[in-house]
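Residue numbers (the working numbering): 63 to 228.
All residues carry an ideal CB built from backbone N, CA and C; glycine is no exception.
Keep in mind the model is a prediction, meaning the values are calculated, not measured.
Here is the structure we will look at, set down as structure tokens.
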Amino acid sequence: MLQEKGYIDTVIFYGPISIWLTLFAGYILAPALAILFFVVGIWLLLFLPYLLAAYLVNARHSCSFALSEGKCMVINPNPPFRKFVTIDLEDIVSVEIGESRKKWPVLFTLFGDNYVEIKTGKETRRFYCAYLEQDAFDENFTEKTIEDFQYALEQCGIPVTIDLES
């Protein structure tokens, strides 16, 4: 601006706004961001283990079932609990469908805790299927319900006992 006005040989006593920006960033913005990061960071550090635990609980309790060619297949595609179990329908003595009455899974956002207990001549195995829901008259998240699974097993001649809260 001095050159535009014709002043060439001048001594400048510089007072730029960049000093304000530097001071603002150094004395106000940086501590504010540090405090924010510290507070958020603590919550984030607390939230990440909770999120991991919630995933693990839900992943373990999310089995699906398939019936095909005289076999019942139990599938859990969720790491680290991935499994694919095949049981011959002729080996199944009975099936019990129930709901775990434990309250602690709710802490990890496990909404419901249904299970299918399959009894064969050799062993009894329980598979959790929290999100295989009861029939809610077209308000389900999935097309097939736990009652559909019960009916399909009964059509195969397998006795099924069901004890779920409505």
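Which of the three DSSP states, helix, strand or coil, is assigned to T207? coil
Spell out the partners DSSP gives R163 in its beta bridges. Beta-bridge pairing links R163 to no other residue.
Taking 8 Å as the cut-off, decide whether the C-beta atoms of Y193 and S124 are in contact. yes
Whether or not the segment 205-217 and the segment 141-148 are in contact is what I'm after, with contact meaning three or more pairs of Cβ atoms, one per stretch, closer than 8 Å; do they touch? At 8 Å Cβ cutoff, the stretches do not touch.
Whole-number beta carbon distance between C218 and S126, since they are thought to touch under 8 Å: Incorrect: roughly 17 Å between the Cβ atoms, too far for contact.
If contact is defined by three or more beta carbon pairs under 8 Å, each pair taking one atom from either stretch, is the segment 102-113 in contact with the segment 157-164? No: fewer than three Cβ pairs fall under 8 Å.
Between which two residues does the beta strand (DSSP E) carrying A128 extend? Per DSSP, A128 belongs to the beta strand (DSSP E) from 126-130.
Helix, strand or coil for K181? Go by DSSP, reduced to three states. The answer is strand: DSSP assigns K181 an E or B state.
Rounded to a whole number of angstroms, what is the C-alpha to C-alpha distance between V222 and F146? Cα to Cα, the separation comes out at about 22 Å.
Relative to the C-alpha of Q196, which residue among Y177, T182, G103, E185 is closest? Y177
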